[in-house]
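Numbering (UniProt numbering), first residue to last: 1 to 319.
Don't be surprised by glycine CBs; every beta carbon is placed ideally from N, CA and C.
What follows is a set of notes on a single structure, which appears directly below.
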């Protein structure tokens, strides 16, 4: 396993993603709550002024009674991202700061993109979704929700899906035409979703927004198991490894990853050496080998290896 200082690990992963050193366009980052997933996402976005968007783990609410239409949304996504990265807001406060005023809610752009949203919800959930304005002589104008069988309240799971879809539609439409491969960073992509929808969400987004690259974090084995052509970055303490998501097609396969995350002990030096070797071999197999892995290999002292470790080392060299 790659043993680094915490900041070194963050920098290495950031550079691998930004410099497109990994095999696939889209990346899933997994790790426990203290492993650094969110900090890696933050580092990816710092100083990236154009073509990058961020949806943090608290941006999952949608209140249909607040819907309206906003004006002049061109490139306002930069303000949204900057405000979300503020240390007082980052993964703490639900924000949507359109006009650099420190206020605003996602519902304010609903009628700008409601037709596109309706199509996405139909394709993903197979529901007919509509919010209409109804005038009442006494109450005045009132928003009326028409969804499926007359449901009047949106569950937290439906809210999360609506919010993700609307944010992405807004981002796509507020981009300048000169941005060819925008990057969307989503923290805890499966937050509030049912198990059924956890497995569907990332492939659906990738297939819907074909020009976007996604970097997401998750605790969900279903998200990892359903990934196609995605890099998997596994964080354990101050260590990480890069895997090919195509090698993990079932929950049983993915269980191996989560066992590493939650049960790994780094107190045994011999075990650490073998873990490092196996991770280096995985990098060869999954075609994620870079100068960093080459340096790791060169620093391994062959004289202290067991016979089984030497076998792994020879596999790495001959791959």
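- With a cut-off of 8 Å on Cβ pairs, the segment 6-16 is not in contact with the segment 207-222, counting fewer than three such pairs.
- With 16 or more other CB atoms across the displayed protein chains lying within 10 angstroms of its CB, residue 168 is buried.
- At the C-beta level, residue 185 and residue 83 stay beyond 8 Å of one another.
- The C-alpha of residue 277 lies about 45 Å from the C-alpha of residue 96.
- For residue 222, the enclosing alpha helix (DSSP H) stretches over residues 221-225.
- Around the Cβ of residue 235, a 10 Å sphere holds 16 or more other Cβ atoms; the residue is buried.
- Here the C-alpha atom of residue 299 lies approximately 20 Å from the C-alpha atom of residue 285.
- Counting of Cβ neighbours within 10 angstroms places residue 221 among the buried residues, the total reaching 16 or more.
- Spatial neighbours of residue 112 in its own chain (CB-CB distance under 8 Å, excluding positions within 5 residues in sequence) are listed in chain order as 69, 70, 73, 170 and 173.
- Per the C-alpha coordinates, the member of 23, 203, 281 and 12 positioned closest to residue 310 is 281.
- The beta carbons of residue 26 and residue 233 sit about 11 Å from each other, so the pair does not count as a contact at 8 Å.
- The beta carbons of residue 131 and residue 110 sit about 7 Å from each other, so the pair counts as a contact at 8 Å.
- The Cβ atoms of residue 163 and residue 61 lie closer than 8 Å to each other.
- In the same chain as residue 187, and ignoring 5 residues on each side of it, the C-beta atoms closer than 6 Å to its own belong to 38, 41, 56, 57 and 217, in chain order.
- In this structure, DSSP gives residue 305 a state outside helix and strand, which the three-state scheme calls coil.
- Check the Cα spacing between residue 283 and each of 18, 257 and 22: the tightest is with 22.
- Residue 77 and residue 316 have their C-alpha atoms roughly 44 Å apart.
- Comparing C-alpha distances from residue 275 to each of 251, 312, 31 and 156 shows the shortest one belongs to 312.
- At least 8 Å separates the beta-carbon of residue 227 from that of residue 193.
- Counting only runs of at least 3 residues, the segment 15-77 fully encloses the following beta strand (DSSP E) elements, listed from N- to C-terminal order: 26-30 and 52-55.
- Of the residues 240, 304 and 59, the one whose Cα lies closest to the Cα of residue 293 is 240.
- Where residue 186 is concerned, the enclosing beta strand (DSSP E) starts and stops at 183-186.
- For residue 111, the enclosing alpha helix (DSSP H) has its first and last residue at 110-125.
- The C-alpha of residue 12 lies about 23 Å from the C-alpha of residue 259.
- Comparing alpha-carbon positions, the option among 161, 80, 90 and 85 lying closest to residue 119 turns out to be 161.
- Spanning the alpha carbons of residue 124 and residue 314 requires a straight line of approximately 47 Å.
- Residue pairing of residue 214 in beta bridges, as defined by DSSP: 184.
- Residue 243 has 232 as its beta-bridge partners, per DSSP.
- Taking a C-beta distance under 8 Å as the contact criterion, residue 81 and residue 107 do not qualify as a contact pair.
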